[in-house]
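As structure tokens, the structure follows; a few thoughts come after it.
Number of protein chains: 2
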Amino acid sequence: MSTKTLDFWFEFASSYSYLSVMRIEPLARAAGVTVNWRPFLLGPVFLSLGWNDSPFNIYPPKGRYMWRDLARLAARYGLPFQVPSRFPRNGLLAARVALVGADEPWIGDFARAAMSANFADDLDIADPAVIHRLLAGLGLPADAVLAAANSADSKLALRRQTERATELGLFGAPSFIAPDGELFWGNDRLEQALEWAGAGPANSMA
Amino acid sequence: MSTKTLDFWFEFASSYSYLSVMRIEPLARAAGVTVNWRPFLLGPVFLSLGWNDSPFNIYPPKGRYMWRDLARLAARYGLPFQVPSRFPRNGLLAARVALVGADEPWIGDFARAAMSANFADDLDIADPAVIHRLLAGLGLPADAVLAAANSADSKLALRRQTERATELGLFGAPSFIAPDGELFWGNDRLEQALEWAGAGPANSMA
Chain Y
1 MSTKTLDFWF EFASSYSYLS VMRIEPLARA AGVTVNWRPF LLGPVFLSLG WNDSPFNIYP
61 PKGRYMWRDL ARLAARYGLP FQVPSRFPRN GLLAARVALV GADEPWIGDF ARAAMSANFA
121 DDLDIADPAV IHRLLAGLGL PADAVLAAAN SADSKLALRR QTERATELGL FGAPSFIAPD
181 GELFWGNDRL EQALEWAGAG PANSMA
Chain S
207 MSTKTLDFWF EFASSYSYLS VMRIEPLARA AGVTVNWRPF LLGPVFLSLG WNDSPFNIYP
267 PKGRYMWRDL ARLAARYGLP FQVPSRFPRN GLLAARVALV GADEPWIGDF ARAAMSANFA
327 DDLDIADPAV IHRLLAGLGL PADAVLAAAN SADSKLALRR QTERATELGL FGAPSFIAPD
387 GELFWGNDRL EQALEWAGAG PANSMA
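Structure below.
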């Protein structure tokens, strides 16, 4: 098993997280890096920066540009994309499910399914029926997974994970942290982060 | 002469503009694209977004990350870099000089010299003596260029150029605009912007 790892911090409501969730697994495999999936909530992180909404909504010129940039990048990557009819969607339930599955073999499939629901199929990922359908579609015991996701332990775990994101100095998503603490922010840095993590002990265990 | 062009909007105080100013000319040449140099001031643009300082100062986690990202990118590009002892520096005089020289053969050399002064040599580009020395070092008539830069016409021209930036929906620097109006933001998009502009009439004259 690879000892080269990369912590991948993402949020289901985040547009640029969509691109990285869809791209990371084959790139990580090629780089010989194991991905640690770290779902978290951007809302509390943004609040700590004084934003009560996505900065893409607070600053309309940035928001307009972001959607155009997303469409161009999705086309380059060959990913389906449409601007969601609601943004940001509430990613709380999807994040709880992802945290339940963070070390399970289905985490990548689930993350891609939920992200695609939001950014390709314009489905409301805050709706438990939508998440249930996605889980069932992956052949998973949807009732049991949702029950685990809605447990008190799971809620607390996501709260702690989100607090940890702020402690780590995260201010957006996606973010990538190598074992040596090196931080990379944004889908634009996915390749560079994997390169850093893949360089091994020289970088990753310093 | 090439009819493929790209408008390059940059600010001398902007850290990511430094990277693009240093990189753009050889990349544009390889893409068969002529660069239109568009110096402007970010201050009024930021004010229109409600920021009275660089967002890298307003949001400390973003600022800390930005300097680390800059150092990593500069190393990748083989560019000298040190964190300026003052940020952002006042780029007003340098922008006026660049606007005077925007269509002159020395614009690229001057822009690189002033950017290097700020981000590699930690010199105060707001100091007329520094700019005078840079101009003289390029073999230019420094007194005459500075007189032109400080004329009423030049001051008005920079004010108009900066208003134009806001009208175009710019919210940061560097920004790149293709002839068809396609906007690209950030040093990370320089290659993509040149590719778009270089694709010619299909893109650039639509």
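Chains as they are written, first to last, in this note's numbering: chain Y, 1 to 206; chain S, 207 to 412. Yeah, the Cβ is synthetic: ideal placement off N, Cα and C, and Gly gets one too.
Would a C-beta distance cut-off of 8 Å place phenylalanine 377 of chain S and valine 251 of chain S closer than the cut-off? Taking C-beta atoms as the reference points, phenylalanine 377 of chain S and valine 251 of chain S count as a pair closer than 8 Å.
Exposed or buried, alanine 353 of chain S, counting other C-beta atoms within 10 Å across all chains shown (16 or more means buried)? Per the 10 Å Cβ criterion, exposed.
Beta carbon proximity, proline 267 of chain S to chain Y, threshold 8 Å: Yes, proline 267 of chain S counts as interfacial toward chain Y.
At 8 Å on the CB atoms, spell out the chain S contacts of phenylalanine 171 of chain Y, in chain order. Neighbours of phenylalanine 171 of chain Y across chain S, judged by C-beta separation under 8 Å: Tyr265, Pro267, Lys268 and Tyr271.
Of the residues Y/Asn52, Y/Glu167, Y/Ala117 and Y/Asp122, which one's Cα is nearest the Cα of leucine 210 of chain Y? Because chain Y spans 1 through 206 in this model, residue 210 of chain Y falls outside it and cannot be assessed.
Are the C-beta of aspartate 394 of chain S and some C-beta of chain Y separated by less than 8 Å? Chain Y, which has a Cβ nearer than 8 Å to the Cβ of aspartate 394 of chain S, makes this yes.
In the DSSP assignment, what are the bridge partners of threonine 34 of chain Y? Paired residue(s): Y/Thr5.
Nearest candidate by alpha-carbon position, reference arginine 96 of chain Y, set Y/Leu79, Y/Phe110 and Y/Pro179: Minimum Cα distance to arginine 96 of chain Y is reached at Y/Phe110.
Could you check whether phenylalanine 216 of chain S and alanine 379 of chain S sit closer than 8 Å to each other, using their CB atoms as the reference points? Phenylalanine 216 of chain S sits close to alanine 379 of chain S, with the two beta carbons spaced by under 8 Å.
Just tell me which of S/Tyr265, S/Asp275, S/Leu255 and S/Ser260 has its CA closest to the CA of glycine 50 of chain Y. By alpha-carbon distance to glycine 50 of chain Y, the top candidate from S/Tyr265, S/Asp275, S/Leu255 and S/Ser260 is S/Tyr265.
Under 8 Å Cβ-Cβ, which residues of chain S neighbour tryptophan 185 of chain Y? Under the 8 Å cutoff, chain S gives Tyr271 and Asp275.
Sort out for me which residues DSSP pairs serine 381 of chain S with in a bridge. S/Trp215 and S/Trp391, per the DSSP bridge assignment.
Helix, strand or coil, according to DSSP, for proline 245 of chain S in the structure here? DSSP places proline 245 of chain S in strand when its eight states are reduced to three.
Glycine 32 of chain Y to phenylalanine 12 of chain Y span [Cα, whole Å]: Spanning the two alpha carbons is a distance of roughly 25 Å.
In this structure, does DSSP put methionine 411 of chain S in helix, strand or coil? Note that methionine 411 of chain S scores 39 on pLDDT, short of 50, meaning its location in the model is unreliable; the coordinates nonetheless yield the value given after this. Under the three-state reduction of DSSP output, methionine 411 of chain S falls in the coil class, being neither helix nor strand.
Should serine 223 of chain S and leucine 276 of chain S be called a contact, given that it needs their Cβ atoms to be closer than 8 Å? No. Outside cutoff.
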